[in-house]
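Residue numbers (my numbering), protein chains in the order written: chain A, 157 to 482; chain B, 3 to 321. Virtual Cβ for every residue (Gly too), placed ideally from N, Cα, C. The structure displayed is predicted, hence computed values, not measured ones. Notes follow once the structure below has been shown.
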C-alpha cells in the first residue's frame with residue numbers, strides 16, 4: 157500500500173534528490189538554488205543538513221561548471237549541476253551542445269556523460285528578457301541530450317530520481333511558477349521512466365499537448381471548456397527526449413483535433429515540432445488544422461500587461477480549441 | 003641498458019613515432035584519404051611526450067584540435083588511431099570522431115577537441131571526480147596559445163585554484179592561433195601572469211627541449227598528486243606546418259620556420275643521448291626503422307578497415 161503525502165513541487169524535488177543522494181554515493185550537487193529564490197527555497201536546508209559533503213556552491217561561471225560536470229561524469233561521477241535561471245544556461249551552450257551532448261556518439265559509445273543540468277525556465281512575473289527564457293526547444297535541436305519537463309510534484313520526484321540513474325547528459329527543466337503547486341505524492345522512493353507520456357485529463361473532443369507549467373494552464377482551460385460541453389484530453393509528454401510520439405498520435409487518433417501549448421517562442425518551437433510530427437504521421441486522423449499556442453516571437457518584456465500579452469494563457473488556449481472545433 | 007637509458011630511448015621513440023605518424027597523415031591527406039581538416043603537431047613532439055611521460059594509464063588528459071601527439075604519447079596505438087582519422091570502423095571510436103574528437107578511456111584520454119579551449123573544463127571535472135575517489139589520479143589539459151583568449155580558461159583556472167584540483171594546464175604556445183600570430187591578438191607581456199593571478203604556480207618552459215618539458219611536468223604532476231593543486235605550464239614551441247594541412251601559411255615568414263627547425267626537439271634529443279653515450283647511432287637508427295615499420299603497419303591496418311555502415315549510426319546514440 158502506497159503512503160501518500162500532500163507536498164509542494166519544491167518538497168518533491170528535495171525528496172527525489174535526497175533519495176538519489178542516499179542511494180548512490182557518486183551523486184554530487186553543484187549549486188544550491190535548485191528551488192529558486194521564492195519562500196520555499198528553505199527546503200534545500202534538508203539536503204545541506206543531511207549531505208553536507210555532497211553539495212558545493214561554485215563561482216558564477218556557467219560554462220566552466222557545465223564542463224566540469226561533464227568531465228566529472230566522464231570520470232565516473234554523477235553530478236547534478238544547477239544553473240539557476242535557464243537564461244544563464246545559454247552561457248554554457250557550447251559545453252552542453254558541443255561537449256556533453258556529443259561525447260557518447262563521438263567516442264563510439266565508450267564514453268558516457270551521466271551529468272544532470274538543472275534550470276528554472278519560464279515567465280515568472282517581471283523576469284523580463286533575461287530571467288524568463290525557455291531554452292528547451294533550442295536544446296531539443298541538440299541531439300545527444302535528454303530533456304525532462306515535469307509538470308507536478310509526483311512527476312518531478314520520480315523523474316529527478318530517474319535522471320540521476322541514466323547514463324546520458326540530461327537537462328532537467330523546472331518551471332519557476334510550479335514550486336508552490338501541491339498534490340499527493342507517494343512517500344517511498346520511486347522513479348518514472350523517460351519517454352512515457354501521461355494523460356493528465358481524459359477527453360473525447362480535442363487533444364491538448366502541453367509540458368511543464370503549461371499543463372496546469374491547459375488543465376484550467378479544460379475545466380472552462382467542459383462547462384461549454386467540450387471535453388479536452390491533456391497529454392503531458394514529461395520528457396522531450398525521449399519523446400512518446402505514440403501517445404500523442406494515439407490521442408489524436410481518438411479526438412481528431414490537436415492543440416499544442418508551449419512556452420517557447422513560436423518559431424521552431426516545441427509546438428512546431430509536435431504539430432509537424434502529427435502532420436507527417438497522423439494526418440489522416442485530423443479533422444481540422446492543428447493549432448500552436450506558443451509564446452510570441454519577441455523578447456519577454458517586464459511590465460505585467462506586456463508580459464501577459466506574449467505568454468500563452470487559458471484564454472489563448474480556449475481560443476485555439478474553439479478554432480479546431482469549428 | 004640502465005633503467006634511465008631505457009626511459010630516455012623510449013622518450014626518443016615516442017617523439018619519432020609522433021613525427022612519422024604526422025608526416026604519414028600529411029601524405030594521406032594530400033592523397034585525399036582523410037575526411038575533413040587535419041591539424042598536425044610536427045615540431046611539438048617534445049611537449050606531448052614530456053608532458054605525458056610522468057602520467058599513469060588512469061590519469062586523464064583532455065587534448066586540443068592538434069592532438070594526435072597527445073594521443074600517441076598517452077599510449078594509444080597508431081593503427082586504430084590512423085583508422086579513426088581515416089573515418090574507418092576499426093578506429094578507436096568506430097569512425098565517429100575522426101581526428102577532432104578521438105578518445106580512449108583505456109588510456110584516460112577524454113578526447114581531442116574541435117572547440118578551442120573546449121576540453122579544459124572536462125579535464126578539471128575529471129580532476130574533481132578523481133579527487134573524490136582519492137586514488138591520486140591527476141588530469142592534464144592541453145591547449146594552444148589561441149585558447150588563452152577564451153574566457154573559459156580563466157573560469158576553470160579560478161575553480162581549479164579555489165578547489166585545489168589536481169589538474170595541470172598546459173599551454174602549447176606555438177606562436178599562432180589558427181592563422182594569426184599570438185602577438186597580434188594577445189595583450190600583456192607575461193603569459194604566466196594569467197595563471198599567477200589565481201596563485202597557480204606558473205612557468206615558461208622551452209618546449210623544444212623534451213628534458214625541460216619532462217622536468218616541469220614531473221614537478222607539476224607530483225604537486226597535484228600530493229594534493230597541492232593545479233599548475234600552469236607554458237611550453238614555447240612551434241608548429242612547422244599551417245593551422246591545417248593545406249593552409250598556405252602566407253602569414254608566416256619562412257626564415258622564422260627555419261630558425262625553429264634548427265631547434266627541432268628530435269635531433270636535439272638524439273645529440274643529447276649520443277653525447278652522453280646513452281645511445282649509439284645504430285641504436286637510434288634501429289628505433290627509427292622500427293617506428294617506420296609500425297607506421298606502415300598502421301596505415302595498412304587503417305586502409306584494410308571498412309567504412310562504418312550508415313545503419314550503425316544510432317548504435318552509440320542514446321538520446
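A straight-line Cα-Cα distance of about 11 Å links residue 320 of chain A and residue 229 of chain A.
Taking a cut-off of 8 Å for Cβ pairs, the stretch 280–287 of chain A and the stretch 374–392 of chain A do not touch, as fewer than three such pairs fall below it.
Within the stretch 248–277 of chain B, the runs of alpha helix (DSSP H) at least 4 residues long that lie entirely inside it are, in chain order, 256–263, 267–277. Boundaries of the beta strand (DSSP E) harbouring residue 239 of chain A: 234–241, taken from the DSSP string. The C-beta separation of residue 148 of chain B from residue 180 of chain B comes to about 6 Å, placing the pair in contact by the 8 Å criterion. Considered as a whole, the stretch 371–451 of chain A harbours 388–392, 395–397, 414–421, 447–451 as its complete beta strand (DSSP E) runs of no fewer than 3 residues, in chain order. Under the three-state reduction of DSSP output, residue 208 of chain B falls in the strand class.
For residue 184 of chain A, the three-state secondary structure derived from DSSP is strand. The beta carbons of residue 251 of chain A and residue 123 of chain B sit about 7 Å from each other, so the pair counts as a contact at 8 Å. Of the residues B:302, B:40, B:59, B:279, the one whose Cα lies closest to the Cα of residue 6 of chain B is B:279. The beta carbon of residue 224 of chain A sits closer than 8 Å to some beta carbon of chain B. Listed in chain order, the non-local C-beta contacts of residue 474 of chain A below 8 Å within the same chain comprise 377, 380, 381, local neighbours out to five positions each way being set aside. With respect to the C-alpha of residue 265 of chain A, the residue from A:472, A:399, A:324, A:411 having the closest C-alpha is A:324. For residue 311 of chain A, the three-state secondary structure derived from DSSP is helix. In this chain, the beta strand (DSSP E) harbouring residue 354 of chain A covers 354–357.
In the DSSP assignment, the residues bridged to residue 277 of chain A are A:331. Counting along the chain, the unbroken alpha helix (DSSP H) around residue 205 of chain A starts and ends at 201–206. Each of B:257, B:195, B:22 was checked against the Cα of residue 291 of chain B, and the nearest Cα belongs to B:22. According to DSSP, residue pairing for residue 143 of chain B in a beta bridge involves B:64, B:171. Put simply, the CB of residue 389 of chain A is far from chain B, with every gap to its CB atoms at 8 Å or more.
Bounds of the beta strand (DSSP E) holding residue 233 of chain B are 233–238. Taking the C-beta atoms as reference points, residue 52 of chain B is found nearer than 8 Å to residue 219 of chain B. Distance from the CA atom of residue 248 of chain B to the CA atom of residue 25 of chain B, rounded to whole angstroms, is 13 Å. Taking 9 Å as the cut-off between beta carbons, the residues of the stretch 222–255 of chain A near chain B are 222, 223, 224, 225, 226, 227, 228, 229, 230, 231, 232, 233, 235, 250, 251, 254, 255, in sequence order.
Beta-bridge pairing by DSSP links residue 47 of chain B to no other residue. Interface flag for residue 127 of chain B against chain A is set, since a Cβ pair is found closer than 8 Å. In the structure shown, residue 362 of chain A falls within a strand segment according to DSSP collapsed to helix, strand and coil.
Of all residues in the stretch 188–221 of chain A, the ones placed with a Cβ closer than 7 Å to any Cβ belonging to chain B are 214, 215, 217, 219, 220, in chain order.
Annotation for residue 141 of chain B: 62, 125, 128, 129, 169 place their beta carbon closer than 6 Å to its own, counting only its chain and skipping 5 residues before and after. Within the stretch 32–59 of chain B, not one residue has a Cβ closer than 8 Å to any Cβ of chain A.
Between residue 11 of chain B and residue 298 of chain B, the alpha-carbon positions lie close to 21 Å from each other. DSSP places residue 230 of chain A inside the alpha helix (DSSP H), whose first and last residues are 218–230.
The shortest CA-to-CA distance from residue 273 of chain A to any of A:235, A:300, A:364 is the one to A:235. Residues of the same chain with a CB within less than 6 Å of the CB of residue 426 of chain A, apart from the 5 flanking positions on each side, are 293, 418, 420 in chain order. The beta carbon of residue 260 of chain A sits closer than 8 Å to some beta carbon of chain B. For a Cβ distance threshold of 8 Å, residue set 261, 262, 263, 264 of chain A lies close to residue 98 of chain B, ordered along the chain.
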